[in-house]
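Below is one structure, written out as structure tokens, with a few remarks after it.
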Amino acid sequence: MKGLKTCFKQKDKSIIRAVDGVDIEIAPGEVHGLVGESGCGKSVLSLSILRLISPPGFISGGEIVWEGNDLLRLDNNDMRKIRGKEIAMIFQNPQASLNPLYTVSQQMTAVIRLHRKISKKEAKEEAVRLLKMVQLPDAEKRMKSYPHELSGGMCQRVMIAMAISLQPKMIIADEPTSSLDVTIGAQILNLLIELRRQFNISILLISHDMGAVSRICSKISVMYLGRILETGNKTDIFQNPQHPYTQALLDAGKIPVHSHPAKSENNLIKGDIPGSMDIPSGCRFHTRCPSVFEKCYNMEPELKTLTANGIKVACHLYE
Ligand SMILES: Nc1ncnc2c1ncn2[C@@H]1O[C@H](COP(=O)(O)OP(=O)(O)OP(=O)(O)O)[C@@H](O)[C@H]1O
Ligand SMILES: [Mg+2]
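Read in full-length UniProt numbering, the sequence shown has 107 at position 107, and its numbers run on one by one without any break.
Here you go:
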């Protein structure tokens, strides 16, 4: 992604800049973690990649280069071929992502047959094979289940089986474990890692959990109010975070899920989190930064590579 921007037009004509010039690079087979506080634009970013933003939202600029082609320039037909087949997505709430009216078998075979010309029977066999691959217990039996008959962890396994059924090259996982309990969540992450190993799938993992990110990602991007403030190798960033915001996130260990501006004591960093309605001028983090100095008030720092370690950071301290 280069300079990607996604906005929402409000009723009063004001504009919310949810994704405000994002640069992220993801290599084949890479597990890339995207972290940042609630509301910073992670979900909007992931939906933008698949062009799933609907009005009043719109992508207002930038590029999403996928294997040499800018996804933003594809016609709808070509984009449909990318969705699911090349880039698949799994969501936070697997129960809500499955259709409550259809069995696992019906939903899986429908997806499989959408892109592959095989019989119903073959599609069912393929579905069972995939459910076994994602270690769903009693896969054959579960084929006949409706989503409400499955636990959250089981639903997420079904979602992952559906996601990999089309052999995508990349999976975007938006908080895939946050609705699950810790042990099940860890199993799901292990499963994603195993699939990456087997099929060399790239994964964009969106998470509040720095522990999970540090465990499974090789690269990390830190997002704040619609922009990436720091990105680079996991080890470099964890050992030697450069941006004051990253430093604060790592000190806190876990990013608060619902930090509310009014409850400053719950915020990991001093000061209110501005909304994406009124992004501060200059460096957008300056209102909360412990190292703020004059330049930060009116000049937006660019994401620049540090020669020492290859980390990219958007901060005037390093210029
Ligand atoms: N449909 C919409 N209409 C208007 N604003 C929206 C819409 N969807 C998202 N936004 C705004 O875009 C910004 C980013 O939201 P987003 O859901 O991407 O945050 P997030 O980083 O995924 O947060 P969380 O960690 O809580 O999931 C927020 O300010 C949000 O209010
Ligand atoms: Mg989100």
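For glycine and all other residues, C-beta sits at the position ideal for the given N, C-alpha and C.
Distance CB(residue i)-CB(residue j) smaller than 9 Å
i           : j           : result
residue 17  : residue 276 : yes
residue 192 : residue 35  : no
residue 317 : residue 40  : no
residue 62  : residue 202 : no
residue 104 : residue 143 : yes
residue 300 : residue 282 : yes
residue 108 : residue 165 : yes
residue 171 : residue 59  : no
residue 244 : residue 290 : yes
residue 176 : residue 91  : yes
residue 206 : residue 97  : no
residue 204 : residue 82  : no
residue 199 : residue 214 : no
residue 45  : residue 1   : yes
residue 321 : residue 216 : As shown, the chain starts at 1 and ends at 319. That puts residue 321 outside it, with no answer to give.
residue 23  : residue 312 : yes
residue 179 : residue 106 : no
Residue i classed as buried or exposed, judged by whether at least 16 other C-beta atoms fall within 10 angstroms
i           : result
residue 121 : exposed
residue 310 : exposed
residue 78  : exposed
residue 75  : exposed
residue 3   : exposed
residue 285 : buried
residue 156 : buried
residue 101 : exposed
residue 37  : buried
residue 294 : exposed
residue 209 : buried
residue 232 : buried
residue 14  : exposed
residue 211 : exposed
residue 52  : exposed
residue 56  : exposed
residue 261 : Because residue 261 carries a pLDDT of 41, less than 50, the predicted location of this residue cannot be relied on, and no value is offered for it.
residue 288 : buried
residue 174 : buried
residue 246 : buried
residue 314 : buried
Run of the beta strand (DSSP E) containing residue i, from where it starts to where it stops
i           : result
residue 318 : Run containing residue 318: none; DSSP gives neither H nor E here.
residue 88  : 87-90
residue 111 : Note, residue 111: premise wrong, no beta strand (DSSP E); alpha helix (DSSP H) at 104-115.
residue 278 : That residue, residue 278, is in no beta strand (DSSP E); it is neither H nor E in DSSP.
residue 237 : It is not in any beta strand (DSSP E) - residue 237 instead sits in the alpha helix (DSSP H) that spans 234-239.
residue 20  : 15-22
residue 5   : 2-9
Opening and closing residue of the alpha helix (DSSP H) in which residue i lies
i           : result
residue 133 : 120-133
residue 78  : 76-82
residue 246 : 244-252
residue 96  : 94-97
Closer than 9 Å to chain B by CB, residue i
i           : result
residue 315 : The structure shown contains no chain B, having only a single protein chain.
Near ligand 3: residue i beta-carbon under 8 Å from a heavy atom
i          : result
residue 43 : Of the ligands one can find in the structure shown, namely ligand 1 and ligand 2, none is ligand 3.
Which runs of the beta strand (DSSP E) fall wholly inside the segment 200-230 and span at least 3 residues, in chain order? 202-206 and 219-224
Any beta strand (DSSP E) of 3 or more consecutive residues that is wholly inside the segment 123-192: 170-174
If contact is defined by three or more beta carbon pairs under 8 Å, each pair taking one atom from either stretch, is the segment 275-289 in contact with the segment 205-222? The answer is no - the segment 275-289 does not touch the segment 205-222, with fewer than three Cβ pairs under 8 Å.
Taking only runs of the beta strand (DSSP E) that begin and end inside the segment 35-64, which ones reach a length of at least 3 residues, in chain order? 57-63
Are the segment 127-137 and the segment 154-163 in contact at 8 Å, needing three or more beta carbon pairs? yes
The segment 146-159 contacting the segment 63-70, beta-carbon criterion three pairs below 8 Å: In short, these stretches do not touch, since the Cβ pair count stays below three.
Is it the case that the segment 109-116 contacts the segment 176-189, given that we only count it when at least three CB pairs across the two stretches are under 8 Å? no
Measuring CB atoms only, is the segment 7-21 touching the segment 225-240, in the sense that at least three cross pairs come out at less than 8 Å? yes
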